[in-house]
Every structure is written in C-alpha cells, then in structure tokens.
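*Asks:* Going by this note's numbering, the sequence shown opens with residue 628, and the numbers climb by one from there.
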Amino acid sequence: MNNRITDLFNIKYPIIQAGMIWNSGWRLASAASNSGILGLIGAGSMYPDVLREHIQKCKKATNKPFGVNVPMLYPNINEIMDIIVEEGVKIVFTSAGNPKTWTSWLQERGIIVVHVVSSVKFALKAQGAGVDAVVAEGFEAGGHNGRDETTTLTLIPMVKEQIQIPLIAAGGIATGKAMLATMILGADAVQVGSRFVASIESSAHDAFKKVVVDIKEGDTQLTLKELAPVRLVKNKFYEELQELYKSSPSIEELKTLLGRARAKRGMFEGDLDEGELEIGQIAGLIHDIKPVSQIVDDILQEFEAAKIMASSL
C-alpha cells in the first residue's frame, strides 16, 4: 500500500491515528505506530512537562515513527515546540492557527509538518505556507470542527482539485469501506479519530468509552460556533447549552457556562452529565471497545474486501 503518505511518514499503511485531546496519550500512539500506521500524541490537553513524559514513554514503547498533534492556540506553544525538537520528534500535525507561524521553523529542524484544515481556502493557505501535507476534515468529525459544515464526501474532492501536496481525509472514517471511498475521491490516506477513542489503549475514561459505543444516529451535534465549533454528545451539559441559546447569549455568557476544563471533566474523568463529551457522528457505527491492533486489522481487511467488491460493480 505504498503511496505518497506511507513514503512521507515511513509507515506501512496509509492510516493516521488522530491526536485527540484527553484520548491520545503515549499508549494509544505507540500501539497505533506498532500496528503499522502513524500514531499521534495529542498535545492539546497536556502541560509541557506532561507532553515531554508522553513523548519519552512513546519512544520506549515503539521504534516506529510517531508524531505530535499541536493546536496552535496552545498558551505554552513556544515551550511545546522546543520540547518536540529536544525530544527528537520528527512529525508534527498543527491545527487551530496560521500554518505560516511554525511550518518553516519546524522544517528547518528536520520535522515533517502537516496542517489540519476544514475548507479549500485553508488547504490552499497551508500549501502556500509550505506544509508537507494537509488533513482535510469534514463536518462529521468529532471535537473542534469547521464552521461551514462541509461534509467529508464533498470536501475531499474539492480540496484534491486545488492542491498538489499529499491529502489526508478525516471526518466520519472508522471503517475500511470509508477509507476506500475517501481514497477514491482523491485522498492519499485517512485520519481516524473516534474509532480509536473506543480502544483499550485510549486514555479516555471507561465511562466515556461506553457512551461512545452506545451512541446512535443523531446523538451528537455541532455547537458553540461563536467560540470554537465542537461536536458534542447530547448530555445534560449540552441541553443546558441549548437552553442558554434560547436567550441569544453573548459570547461571555457562553464562556461562563463552558467554564474551564469541561472537556477533561467529561472525557478523561468520566463526568457524563456535566462534562464536555466530544465524538464524531461515526460513533453510531462503533459498537465495541477493542485493542488498537485489532481495530487496524479490521479496517485493513474491510478495505481489501471493499476493493474486490468495487471492482465487480
């Protein structure tokens, strides 16, 4: 399955495990990399010293390539980037910010840079900034998302038409059939998030993992567009948020309700009522919690079977 992405990252299969906050620690990233795909540590929920610890543990747990996902809105961004360089990380996925800010700096230090986008406009900006590849993430995705609600099925071919660098599809991908579909539409690889939340090695709380496998169609919603769009499970906190929206709240009122560390409270600590529970729409197709190696095998087997099925149509 060699292509531009497997060659770029020196991995066996064109699959990336998303670097999700409160889910993607060293155990998940190393298990993903050991399975032949690219594992990512999610720096967005880590203090600098915690990130360093996760990178060091990941290096001990795998001799395969892995990377770090860095939201550029991070308050300690300079320290985070210094740690990444000091620890010898060779792949960085950036998001939530201007790719021009760090791309050249990282590349000058021998680091491959990938930027996450939600539109053609930002894909072109990322390419112009010199990134090595882009992740185009559709509206279906979990966590923070684009405001335009462009679906993956629409976004991937539109981005492919406009850029020349490698393209990674994300949003609503948890199966081999979805992997094949997005690659037919022009993606060189896929990034999988929600499916790996429901894995043994995910750092998410067990109670949140159970919520993920119990989710049905319509149980999530994109909201908080005034702050940073995020797809949430419809729990008690979500319902309180919707009640507040009836009064046309100010941004400050929304921030007050959101408070601090609500995502940690929900996904990491397991408060299913008051916590912020982020997951993609594809959770409706996730019915069990498995080891990462088994999830990867399932995706690859279905991918190969889908190719055979498609060739007979």
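Glycine included, every Cβ here is placed at the ideal spot set by N, Cα and C.
For clarity, every value in this text was computed on a predicted model and none was experimentally measured.
Helix, strand or coil for residue 696, going by three-state DSSP, please let me know.
*Replies:* Residue numbering aside, residue 696 sits at position 69 when the sequence shown is read from its first letter. Note: residue 696 maps to strand in three-state DSSP.
*Asks:* With a threshold of 8 Å, are at least 3 pairs of Cβ atoms found where one atom belongs to the segment 890-900 and the other to the segment 860-878?
*Replies:* They touch, by the three-pair rule.
*Asks:* Taking one C-beta from the segment 630-638 and one from the segment 896-915 each time, how about it: are there three or more such pairs within less than 8 Å?
*Replies:* Segments in contact, no.
*Asks:* Is residue 819 near residue 913, with beta carbons less than 8 Å apart?
*Replies:* As a working note, residue 819 is residue 192 in the sequence shown. As a working note, residue 913 is residue 286 in the sequence shown. Result no, Cβ atoms of residue 819 and residue 913 do not sit closer than 8 Å.
*Asks:* Determine the contact status of residue 712 and residue 694, defining contact as a CB-CB distance below 8 Å.
*Replies:* Taking the first residue of the sequence shown as position 1, residue 712 is located at position 85. Taking the first residue of the sequence shown as position 1, residue 694 is located at position 67. It is not a contact, given that the beta carbons lie outside the stated cut-off.
*Asks:* Which runs of the alpha helix (DSSP H) fall wholly inside the segment 710-771 and span at least 4 residues, in chain order?
*Replies:* Listed in chain order, they are 730-734, 747-755.
*Asks:* Residue 815: buried (16+ other C-beta within 10 angstroms of its C-beta) or exposed?
*Replies:* Numbered from its first residue, the sequence shown carries residue 815 at position 188. That one is buried.
*Asks:* Residue 788: which of 799, 773, 774, 763 sits nearest, CA to CA?
*Replies:* Working through the sequence shown from its first residue, we reach residue 788 at position 161. Minimum Cα distance to residue 788 is reached at 763.
*Asks:* Look at the alpha carbon of residue 777 and the alpha carbon of residue 647, and state the distance between them as a whole number of angstroms.
*Replies:* Working through the sequence shown from its first residue, we reach residue 777 at position 150. Working through the sequence shown from its first residue, we reach residue 647 at position 20. So the alpha carbons of these two residues sit roughly 21 Å apart.
*Asks:* Considering only DSSP beta bridges, list what residue 847 is partnered with.
*Replies:* Along the sequence shown, read from residue 1 onward, the residue named residue 847 stands at position 220. Paired residues: 860.
*Asks:* Whose C-alpha, out of 747, 746, 730, 680, is nearest the C-alpha of residue 739?
*Replies:* Start at 1 with the first residue of the sequence shown, and residue 739 comes out as number 112. Comparing Cα-Cα distances from residue 739 to each of 747, 746, 730, 680, the minimum goes to 730.
*Asks:* Give me whichever residues DSSP pairs with residue 669 in a beta bridge.
*Replies:* Numbered from its first residue, the sequence shown carries residue 669 at position 42. Bridge partners of residue 669: 696.
*Asks:* Identify whether residue 825 lies in helix, strand or coil by the three-state DSSP scheme.
*Replies:* Walking along the sequence shown from the start, residue 825 turns up at place 198. In this structure, residue 825 counts as coil in the three-state DSSP scheme.
*Asks:* Helix, strand or coil, according to DSSP, for residue 870 in the structure here?
*Replies:* By one-based count along the sequence shown, residue 870 stands at place 243. The answer is helix: DSSP assigns residue 870 an H, G or I state.
*Asks:* Would you call residue 696 buried or exposed, if buried means 16 or more other Cβ atoms sit within 10 Å of its Cβ?
*Replies:* As a first step, residue 696 must be located in the sequence shown, where it is residue number 69. Per the 10 Å Cβ criterion, buried.
*Asks:* From this set, 677, 727, 737, which residue's C-alpha is nearest residue 743's C-alpha?
*Replies:* Within the sequence shown, numbered from 1, the residue matching residue 743 stands at position 116. If we check each option's Cα against that of residue 743, 727 comes out closest.
*Asks:* Could you tell me whether the segment 843-859 touches the segment 767-781, using the rule of 3 or more Cβ pairs below 8 Å?
*Replies:* Taking 8 Å as the limit for Cβ pairs, the verdict is that the segment 767-781 does touch the segment 843-859.
*Asks:* As a quick exercise: from 801, 878, 831, 874, pick the residue whose alpha carbon is nearest that of residue 908.
*Replies:* The residue given as residue 908 occupies position 281 in the sequence shown. Nearest of 801, 878, 831, 874 to residue 908, Cα basis: 801.
*Asks:* So does the segment 666-676 actually touch the segment 700-711, counting three or more Cβ pairs closer than 8 Å?
*Replies:* Enough Cβ pairs lie closer than 8 Å, so yes.
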